[in-house]
Amino acid sequence: MYPAIPYLRQSGRRDQALARAQEAVDIFTALNATDPAGYGAKLAAAKRLVADIQAETRSGDAQSGDAQSG
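First residue of the sequence shown? That's 16 in this note's numbering, and the numbers climb one at a time after it.
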């Protein structure tokens, strides 16, 4: 979908991946306003991607906290 995002995620650069995914949501939101049939699915996919990255980030933060407290 967005070539840089998977690379950033796999490289452990989730904050940068999240910023790019959120940018995609912003762009597709604007495009969806003018052509919902053409961009609705892409907007939904971008929103799912943001949610996935946020979940990974929260999961990673929780694991880091567990490692530091142990």
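All residues carry an ideal CB built from backbone N, CA and C; glycine is no exception.
Please report how far the alpha carbon of residue 5 lies from the alpha carbon of residue 49, in whole angstroms. No answer is possible for residue 5: the residues shown for the chain start at 16 and end at 85.
Confirm, please, whether the CB-CB distance from residue 32 to residue 20 is below 8 Å. Numbered from 1 along the sequence shown, position 5 holds the residue referred to as residue 20. Numbered from 1 along the sequence shown, position 17 holds the residue referred to as residue 32. Going by C-beta atoms, residue 20 is nearer than 8 Å to residue 32.
Supposed contact pair residue 35 and residue 23 - C-beta distance, whole angstroms, cut 8 Å: Walking along the sequence shown from the start, residue 23 turns up at place 8. Walking along the sequence shown from the start, residue 35 turns up at place 20. Going by Cβ atoms, the distance from residue 23 to residue 35 rounds to 7 Å, so yes, they are a contact pair.
For my contact list, residue 1 and residue 61 are in at a C-beta cut-off of 8 Å; report their separation, rounded to the angstrom. There is simply no residue 1 to check, as the chain begins at 16 and stops at 85 in what is shown.
Taking a contact to mean a Cβ-Cβ separation below 8 Å, would you say residue 65 touches residue 37 in this structure? Along the sequence shown, read from residue 1 onward, the residue named residue 65 stands at position 50. Along the sequence shown, read from residue 1 onward, the residue named residue 37 stands at position 22. Yes; because the gap between Cβ atoms is below 8 Å, this pair is in contact.
Enumerated in chain order, which unbroken segments of the alpha helix (DSSP H) with a length of 4 residues or greater are wholly contained in the segment 17-41? 19-25
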